[in-house]
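Protein chains in written order, with numbering that gives the first Met the number 0: chain A, 0 to 210; chain B, 0 to 210.
Ideal placement from N, C-alpha and C gives every residue a C-beta, glycine not left out.
These notes concern the structure reproduced below.
Protein chains: 2
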Amino acid sequence: MAAVLKKGISVVLADDHPVVRDGLAAMVNQQADMEVVAEAGDGDEAIACYERHHPDVLVLDLRMPKRDGVAVVQRVLEINPKARILIMTTYDGDEDIFQCLSQGAKGYLLKDAPRQEILSAIRAVSEDRPYTSTTVAAKALQRMGKPSLTQRELDVLQLVAEGRSNKDIARRLSITEGTAKTHVKAILTKLDAISRTEAVAVAHKRGLIHL
Amino acid sequence: MAAVLKKGISVVLADDHPVVRDGLAAMVNQQADMEVVAEAGDGDEAIACYERHHPDVLVLDLRMPKRDGVAVVQRVLEINPKARILIMTTYDGDEDIFQCLSQGAKGYLLKDAPRQEILSAIRAVSEDRPYTSTTVAAKALQRMGKPSLTQRELDVLQLVAEGRSNKDIARRLSITEGTAKTHVKAILTKLDAISRTEAVAVAHKRGLIHL
DNA sequence: GCGCTGCTCTCTCTTAAGAGTGACGCCCGG
DNA sequence: CCGGGCGTCACTCTTAAGAGAGAGCAGCGC
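Right, here's the structure in full:
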C-alpha cells in the first residue's frame with residue numbers, strides 16, 4: 000500500500016504553450032500534495048515523458064504539434080492501460096474530446112476553468128475517479144442521439160470545408176461526381192444542414208473538422 | 000529620471016484563462032525588474048484595471064468575453080493615448096491583430112512563444128519600443144497588397160459563413176437578392192475564391208471571421 | 001464641380017448544387 | 001443465410017450559385 004510516499008501526486012504536463020505549462024506548474028507545485036515531475040511541448044515528448052516518469056496523472060492538451068491529443072491518449076494507454084489522463088483544451092465543441100473519453104481518458108477540462116476546478120480535477124483523476132466538467136457533460140448529452148458520420152463522409156466533409164466542388168472532390172477521392180454528391184447529401188442530412196456551407200459551419204461548431 | 004524606483008515595470012494582465020494568467024504572473028514576478036499589479040478576466044475588467052493602476056504595460060489577450068481585444072485597445076488609448084499595450088493571442092492569422100497594431104498597440108505576441116521572447120517583448124514595450132514577433136511580421140508582409148473587404152462585405156461574409164443562402168442574406172440585411180449576389184461576387188473576387196464555401200475557408204484562415 | 005468608392009439594383013446565361021429515388025456488391029454480425 | 005450498413009454508381013428535376021455587364025445614387029476628397 001504505502002499511501003502518500005514523498006509528495007503525493009506526481010504530474011506530467013503536456014501543452015505546446017510555455018505560458019500554460021508555467022501556469023499549471025505554478026498552481027500544482029503550490030499544493031502540498033502534488034508535484035510536477037516533467038513537462039512536454041508536443042505529442043512525442045508527452046509520450047516520452049510518460050514512459051520515463053510514469054506519473055500518477057498526465058495532463059494533456061488536445062491540440063499539439065507532432066502528434067495530437069487523441070493519438071497520445073491511444074499510445075499512452077497502450078503502454079499502460081491504467082494510465083490516468085486528464086484532457087485539457089480550449090474548445091468545448093470538439094469531437095476529439097468524446098473520442099478521448101470513450102478511449103479511456105479519465106477526465107476532461109476546459110482551459111478557462113478556475114484554479115480550484117483544475118486542482119480538484121487532477122485530484123479526482125489521480126484517485127482514478129472520472130472527472131467531467133459540467134459544460135462537457137452538457138455537450139455530451141447534446142451529442143447523444145445525433146447521427147455520427149462515417150470515415151468516408153468525414154473525408155468528403157474535409158474537402159467540402161476546404162471549398163472544393165463536388166467534381167473536385169470526386170477527382171481527389173477517385174470516385175464519380177455522383178458518388179461525391181451522395182456523400183454530401185448524407186452529410187447534409189446527418190448534420191441537419193441545407194447547404195454545404197451550412198454543413199461546414201455546423202461541422203466546425205461540433206469540432207468535426209479543424210480549420 | 001529616477002530609473003528603477005521600486006520594482007521597475009508594472010504590468011496588468013488581461014486574459015480569460017486563469018491558467019494563462021497564472022503562467023504569465025509566475026514568469027513576470029520571477030523577474031527582478033517587473034511586477035504584476037493586477038489581473039483581469041474579461042474586457043471590461045481589463046479597462047477598469049488599466050484605469051485604476053495605470054501600469055507601464057498592459058498585456059492583452061485578443062479573444063475575451065464581454066469586450067474583445069480590439070475594443071479594449073480603442074478604449075484604453077482613449078484614456079491614455081500613450082498607453083503601452085502588448086497583444087497576446089493564440090492565432091496567427093487574425094485580422095484583428097493588424098487592426099490593433101495600426102490603432103496603436105505597441106507589440107504583438109503568440110501564446111506559444113517561449114518565456115524569453117515574452118519577457119523581452121514586455122521589456123521592449125515598457126520602453127515604448129515596438130515589438131513584433133517574426134511570425135507576425137511575416138504575416139503582415141503577406142497581407143500587404145491584398146484587397147480589404149468593406150464593412151458591408153464583412154456583414155455578408157459573416158452570414159455566408161453561417162451557411163445562409165443569398166436570399167436569406169438579402170432578407171436579413173434588407174436588400175435584394177441581386178445585391179446580395181453582387182456583394183458575394185465582390186467577396187469571391189477579393190478573396191480569390193471560386194465558391195462561397197472556399198471564400199469561408201479563406202476568410203477563416205485570414206481571421207476575417209470567427210466561428 | 002469632378003472623380004472615386006461603396007452600396008444598391010437589374011438584366012442574361014451557364015453551371016453547380018441539392019432533392020428524390022433506385023440499385024448493386026461487400027462485409028459483418030445475428 | 002440473411003438483414004443492414006456502407007460505399008459505389010446512375011438517373012431526373014428544381015433551384016441556387018456564380019459569371020458578365022451595366023447603371024443609378026450617395027458621400028467624400030480635391
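Would DSSP call residue i helix, strand or coil?
i                 : result
Asp15 of chain A  : coil
Glu126 of chain A : coil
Thr131 of chain B : strand
Ala37 of chain B  : strand
Leu23 of chain B  : helix
His53 of chain A  : coil
Ile208 of chain B : coil
Asn79 of chain B  : coil
Gly92 of chain B  : coil
Gly68 of chain A  : helix
Ile186 of chain A : helix
Lys145 of chain A : coil
Ala192 of chain B : coil
Thr175 of chain A : coil
Ala112 of chain B : coil
Gly162 of chain B : coil
From the DSSP output, read off the bridge partner residues of residue i.
i                : result
Leu85 of chain B : B:Val58 and B:Gly106
Ile8 of chain A  : A:Met33
Using only the alpha-carbon positions, how far apart do residue i and residue j sit?
i                 : j                 : result
Thr196 of chain B : Asp191 of chain A : 17 Å
Ser9 of chain B   : Val75 of chain A  : 43 Å
His53 of chain B  : Arg83 of chain B  : 10 Å
Leu59 of chain B  : Ile86 of chain B  : 5 Å
Val71 of chain B  : Lys166 of chain B : 35 Å
Ile117 of chain A : His16 of chain B  : 12 Å
Tyr49 of chain A  : Val19 of chain B  : 24 Å
Tyr107 of chain B : Arg122 of chain B : 13 Å
Val199 of chain A : Ile208 of chain A : 8 Å
Leu156 of chain A : Gln30 of chain A  : 45 Å
Lys105 of chain A : Glu176 of chain B : 51 Å
Gly162 of chain A : Thr181 of chain B : 20 Å
Thr89 of chain A  : Gly92 of chain B  : 17 Å
Gln98 of chain B  : Met63 of chain A  : 28 Å
Asp127 of chain A : Pro80 of chain A  : 12 Å
Ala120 of chain B : Pro129 of chain B : 8 Å
Lys65 of chain B  : Asp14 of chain B  : 12 Å
Pro113 of chain B : Ala137 of chain A : 35 Å
Ala1 of chain A   : Glu34 of chain A  : No answer about Ala1 of chain A holds up, because its pLDDT of 43 lies below 50 and its placement is not dependable.
Gln73 of chain B  : Ala179 of chain A : 48 Å
His203 of chain B : Gly7 of chain A   : 45 Å
Asp67 of chain A  : Leu61 of chain A  : 6 Å
Pro146 of chain A : Val27 of chain B  : 48 Å
Arg205 of chain B : Ser164 of chain A : 21 Å
What's the call for residue i, buried or exposed, on a 16-neighbour Cβ count within 10 Å?
i                 : result
Gly144 of chain B : exposed
Ser101 of chain A : exposed
Leu12 of chain A  : buried
Gly22 of chain A  : buried
Leu25 of chain B  : One detail in the question is off: residue 25 of chain B reads as Ala in this sequence, not Leu. That one is buried.
Asp32 of chain B  : exposed
Ser125 of chain B : buried
Thr188 of chain A : exposed
Ile46 of chain B  : buried
Arg51 of chain B  : exposed
Thr133 of chain B : exposed
Ile78 of chain B  : exposed
Leu57 of chain A  : buried
Lys110 of chain B : buried
Ala160 of chain B : buried
Leu210 of chain A : exposed
Leu140 of chain B : exposed
Ile186 of chain A : buried
Ile168 of chain A : buried
Ile96 of chain B  : buried
Report yes if the C-beta of residue i is less than 7 Å from at least one heavy atom of the ligand SAM; otherwise report no.
i                 : result
Lys110 of chain B : For the structure depicted, the ligand SAM is absent and the ligand set is empty, with no information on it obtainable.
Does the pairing of the stretch 172-183 of chain A with the stretch 148-155 of chain A give three or more beta-carbon distances under 8 Å?
-> Yes, the stretch 172-183 of chain A is in contact with the stretch 148-155 of chain A.
Report yes or no: do three or more beta-carbon pairs, one from the stretch 32-45 of chain A and one from the stretch 32-44 of chain B, lie closer than 8 Å?
-> no
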